[in-house]
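K.L.:
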Amino acid sequence: MQKQNIYNINPEEFWTDPYPDLEIMRREKPIAYVPELNAILFTKRQSIFENEKKIEIFSSDQPDGLMTKLMGENMMRKDGEAHLKERKAIFPSISPKTTKLIWRKKFDEAADEILSILEKKSGGDLVKDYAMPLSAEALKVVTGLTNMKRPEMDRVSQGMIDGIANYSGDPTIERNCKDCTNSIDTHIDEIRGSLLRNPDYSLLSVQMARGLSDEQIRANIKLAISGGQNEPRDAIAGTIWALLKHPNQLNEV
Numbered sequence: 016m017q018k019q020n021i022y023n024i025n026p027e028e029f030w031t032d033p034y035p036d037l038e039i040m041r042r043e044k045p046i047a048y049v050p051e052l053n054a055i056l057f058t059k060r061q062s063i064f065e066n067e068k069k070i071e072i073f074s075s076d077q078p079d080g081l082m083t084k085l086m087g088e089n090m091m092r093k094d095g096e097a098h099l100k101e102r103k104a105i106f107p108s109i110s111p112k113t114t115k116l117i118w119r120k121k122f123d124e125a126a127d128e129i130l131s132i133l134e135k136k137s138g139g140d141l142v143k144d145y146a147m148p149l150s151a152e153a154l155k156v157v158t159g160l161t162n163m164k165r166p167e168m169d170r171v172s173q174g175m176i177d178g179i180a181n182y183s184g185d186p187t188i189e190r191n192c193k194d195c196t197n198s199i200d201t202h203i204d205e206i207r208g209s210l211l212r213n214p215d216y217s218l219l220s221v222q223m224a225r226g227l228s229d230e231q232i233r234a235n236i237k238l239a240i241s242g243g244q245n246e247p248r249d250a251i252a253g254t255i256w257a258l259l260k261h262p263n264q265l266n267e268v
């Protein structure tokens with residue numbers, strides 16, 4: 016990459032708060048090579064939209080990437096037909112129809128249970144006491160890992176997120192990430208037999224039914240967990256906060 020498109024960061028400061036650097040990059044170098052990360056960063060949506068389709072240049076296949084090394088080669092690390100095959104395999108679990116007919120009822124039940132507990136308390140934390148357990152419970156049923164406790168779902172999700180962002184090579188973060196993926200593997204082993212006898216619409220069940228390999232199944236379950244806990248958690252809490260902050264919008268719901 017041309018010299019003028021190189022942007023240097025302080026890894027520790029970037030880990031703590033990346034937004035000041037990202038603001039400068041978006042303004043001055045929206046596509047830049049960051050030597051400290053050994054990566055090219057695209058910081059504007061349009062650049063991503065235009066370039067993500069150029070798989071001959073920006074392939075999703077990253078055998079040496081942290082995600083592949085720590086979590087296995089999931090469907091997001093594959094291009095073309097290889098990606099499409101696994102995407103089709105999981106579709107029965109995440110289709111709009113399944114969400115409406117299967118998951119919505121389970122999500123509602125989980126929300127009611129958590130709210131009934133909160134109702135008996137004098138107060139609580141919106142994220143820790145509501146959004147976090149609700150997100151974890153939803154992820155348990157969608158993945159099929161109903162044998163995993165809610166706090167453990169949150170732990171393994173955050174551990175993998177930290178692991179795949181561990182560009183500094185911190186051994187403590189890497190060990191914790193591996194411990195988290197091992198926990199997921201253990202829970203898969205524990206529940207697999209039950210789902211073979213009583214299949215459902217969970218990610219684990221539909222992938223087994225489609226004949227995906229053990230490696231594919233485990234990697235895709237870990238993928239779902241890595242972003243399937245924190246993102247809904249933050250969306251739930253953020254939406255509630257925004258509606259409470261702006262009553263006029265709450266009245267529109």
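Mapping the sequence shown onto the working numbering, position 237 (from 1) lands on 252, and the numbers just tick up by one. Even for Gly, the Cβ is constructed at its ideal location relative to N, Cα and C.
1. Just how far apart, CA to CA, sit glutamate 186 and glycine 178?
2. Given 8 Å as the limit, is there contact between the region 251-263 and the region 144-152, that is, 3 or more CB pairs closer than that?
3. Given a cut-off of 9 Å, decide if methionine 40 and leucine 52 are closer than it, judged by their beta-carbon atoms.
4. Once you ignore the five residues that flank asparagine 181 on each side, which residues in its own chain have a CB closer than 8 Å to its CB?
5. So is histidine 261 buried or exposed if we call it buried at 16+ other beta carbons inside 10 Å?
6. Going by the DSSP bridge assignment, what does alanine 47 pair with across the sheet?
7. Cα-Cα, which of Val221, Glu67, Ile21 and Pro35 is closest to isoleucine 46?
8. If you follow the alpha helix (DSSP H) that proline 262 is in, where does it begin and where does it stop?
9. Is the region 72-79 touching the region 206-213 in the sense that three or more CB pairs, one from each, lie closer than 8 Å?
10. Excluding five sequence neighbours on each side, which residues of the same chain lie with their C-beta closer than 8 Å to the C-beta of lysine 93?
11. Got a sec? Which residues, its chain only, sit under 7 Å from valine 171 by beta carbon, not counting five neighbours each side?
12. Between Pro26, Asn89 and Phe73, which lies nearest to aspartate 229 when the distance is taken from Cα to Cα?
13. Please classify isoleucine 70: does DSSP put it in a helix, a strand, or coil?
14. For aspartate 79 and chain D, any beta-carbon pair shorter than 9 Å?
15. Can you grab the Cα-Cα spacing for the pair isoleucine 117 / glutamine 61, in whole Å?
16. Between which residues of its own chain and isoleucine 206 is the CB-CB distance below 8 Å, once the five residues before and five after are set aside?
17. Does any heavy atom of the ligand PLP sit closer than 8 Å to the C-beta of alanine 257?
18. Which residue or residues does DSSP assign as beta-bridge partners of isoleucine 21?
19. Is lysine 237 closer than 9 Å to methionine 175 when the C-beta atoms are compared?
20. Measuring CA to CA, which of Ala257, Lys121, Gly226 and Gly139 is closest to isoleucine 105?
P.N.:
Put simply:
1. A small correction: the amino acid at residue 186 is proline; glutamate does not occupy that position in the sequence shown. The straight-line gap from Cα to Cα measures roughly 10 Å.
2. yes
3. no
4. Leu81, Ile188, Glu189 and Cys192
5. exposed
6. Leu56
7. Ile21
8. 262-265
9. no
10. Ser75, Asp76 and Glu101
11. Cys195, Ser198, Ile199 and Ile240
12. Asn89
13. coil
14. The structure shown contains no chain D; it holds only a single protein chain.
15. 35 Å
16. Gly159, Leu160, Thr161, Asn162 and Leu219
17. This structure simply doesn't include the ligand PLP, nor any ligand for that matter.
18. Tyr48
19. yes
20. Gly226
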